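Protein chains in written order, with my numbering: chain V, 46 to 353; chain E, 10 to 249.
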């Protein structure tokens with residue numbers, strides 16, 4: 046078992062809510078290299094030979110199994126780019142716990158670009174949990190630019206749960222999903238920005254297969270002078286259902302743009318979008334005041350619950 | 010004991026000051042149930058918001074168990090022992106009913122205690138614990154959860170602003186039973202703003218607020234007959 050230093054352990058505890066252990070299928074990427082990795086009987090991790098990254102093969106016999114693939118960057122000034130591909134066999138059921146944390150104590154920018162592609166076989170169910178986090182007393186920026194591509198075959202189910210907890214100075218997230226017949230996806234995106242942080246999220250979901258359905262829930266809180274831009278787009282190319290919901294709490298001098306787009310290319314595609322941006326409701330604060338919470342405590346509770 | 014003396018509040022109305030509550034004084038004894046009633050727009054909700062500190066009084070004193078809470082903020086009044094159920098409770102996206110009740114209780118609340126609280130207001134408890142307090146709940150459901158939140162903590166005095174509004178008849182009957190049960194223990198004082206006869210009939214004392222002032226106050230036996238006859242107040246036409 047590889048020894049993991051205290052800083053890395055602390056970052057891991059933030060980004061892996063299940064608790065990272067060197068057991069079963071796992072791969073810990075640390076400052077641009079695989080620090081440790083392990084396979085399970087049903088999940089095999091193979092290092093790519095042509096570029097940075099891994100291929101994760103999830104066999105049909107994997108049922109309710111986990112694979113943990115966290116990334117930690119602690120070297121100030123590092124730019125780490127990694128390509129991870131996931132091949133999920135038909136009928137498999139798996140939870141993939143990803144996430145990236147940057148600890149930057151220096152004055153140079155640290156950056157991680159994770160490009161993930163998921164090829165999900167017929168009838169397979171994937172839950173993908175991804176947390177992004179930045180910390181460190183340095184003046185260098187903490188930058189995360191994830192790219193997520195998802196290809197769903199017939200009856201496949203994908204739960205994409207992403208969260209930017211805090212401390213990330215800049216993020217540009219690009220996600221694309223192509224959906225086969227009767228496949229389903231639920232996307233939950235949660236984002237917190239503060240100070241002068243910038244976050245952009247672009248998401249295209251193409252509902253190609255008949256009976257496919259997508260639900261996108263995006264919740265964000267923008268504090269300080271931070272800026273957020275959301276652009277989720279659902280494209281219905283078949284009889285399908287899609288629902289996009291973007292809610293943002295805006296505070297201080299922050300700026301939030303929410304641009305949900307719906308694009309129907311079939312007469313039986315039913316696509317709905319909702320978007321709302323607003324400050325914390327005064328009635329909510331007063332209600333929590335009546336529970337004995339101060340304004341600061343009430344505000345923290347509202348934000349915490351909003352982003353869960 | 011709650012002692013309110015000479016409470017006044019005015020609001021700006023096109024550069025002019027309009028008096029909403031005018032020199033109101035009353036007391037609520039320990040374990041007593043007081044019903045505040047009166048015509049719509051008379052100042053009942055404003056009065057209880059002044060008690061909770063949601064609105065700032067221009068003048069007057071509020072003493073709770075010999076503690077002057079007149080200058081306290083809302084959270085300080087809550088800590089001093091006042092619970093408050095809103096007429097129109099706010100919604101909280103992302104907050105579950107269980108979390109809400111736990112916050113209301115101020116400590117960890119067991120699942121069975123949450124279920125008891127929800128059952129007491131006519132909700133099928135387990136179905137609601139993990140529901141969010143968002144637009145998926147009806148106004149009536151929100152109202153009942155709001156009432157349960159006040160019951161979650163051992164306040165010295167509980168204030169309910171029109172608890173019957175938006176609640177169906179069956180749930181209303183359960184709610185009345187809950188208030189009766191709460192009152193029987195006599196371990197806390199209760200103020201209810203209501204127009205409902207069944208609630209007014211439960212009162213130890215009744216206070217009628219009209220045009221921002223106390224128009225009548227006394228025991229149920231003293232005030233209620235006049236309310237029924239409609240002799241005391243023109244408001245009874247509205248109330249009936």
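Every residue, glycine too, gets a C-beta built ideally from N, C-alpha and C.
Remember, predicted model here, so these are calculated numbers, not experimental data.
- Contact annotation for residue 353/V against chain E: 103 [CB-CB distance below 7 Å, chain order].
- Between residue 200/E and the set 213/E, 207/E and 123/E, the nearest pair of CA atoms involves 213/E.
- Taking 8 Å as the cut-off, the Cβ atoms of residue 314/V and residue 345/V do not count as close.
- Looking only at 222/V, 152/V and 159/V, the smallest Cα-Cα distance to residue 127/V is reached by 159/V.
- For the region 72-90 of chain E, residues whose beta-carbon sits nearer than 9 Å to a beta-carbon of chain V comprise 82, 83, 84, 85, 86, 87 and 88.
- As computed with DSSP, residue 203/V is found in a beta bridge with 171/V and 230/V.
- The Cβ of residue 338/V sits closer than 8 Å to at least one Cβ of chain E.
- The beta carbon of residue 234/E sits closer than 6 Å to none of the beta carbons in its chain outside the five residues before and after it.
- For residue 326/V, the nearest CB of chain E lies under 8 Å from its own CB, placing it at the interface with that chain.
- Under the DSSP assignment, residue 95/V falls outside any alpha helix (DSSP H); it carries neither an H nor an E label.
- Near chain V, meaning a CB-to-CB distance below 7 Å, the residues of the region 53-73 of chain E are 61 and 63.
- Interface annotation, residue 11/E: not in contact with chain V, CB-CB separation never under 8 Å.
- Listed along the chain, the chain V residues whose CB falls inside 7 Å of the CB of residue 108/E are 350.
- What residue 227/E touches in chain V, judged by beta-carbon distance under 8 Å, is nothing: the nearest beta carbon there is about 29 Å away.
- Look at the region 215-248 of chain V: it has no residue with a C-beta under 8 Å from a C-beta of chain E.
- Taking a Cβ-Cβ threshold of 7 Å, the residues of chain V close to residue 113/E are 336, in chain order.
- Look at residue 243/V here: in three-state DSSP terms it is strand.
- For residue 137/V, same chain residues with a beta-carbon under 6 Å away, outside a window of 5 residues either side, are 103, 105, 107 and 169 in chain order.
- Cβ atoms of residue 104/E and residue 141/E come within 8 Å of each other, at about 6 Å.
- At a cut-off of 8 Å between C-beta atoms, residue 98/E counts as an interface residue with respect to chain V.
- The Cβ atoms of residue 206/V and residue 178/V do not sit closer than 8 Å to each other.
- Interface flag for residue 18/E against chain V is unset, since no Cβ pair is found closer than 8 Å.
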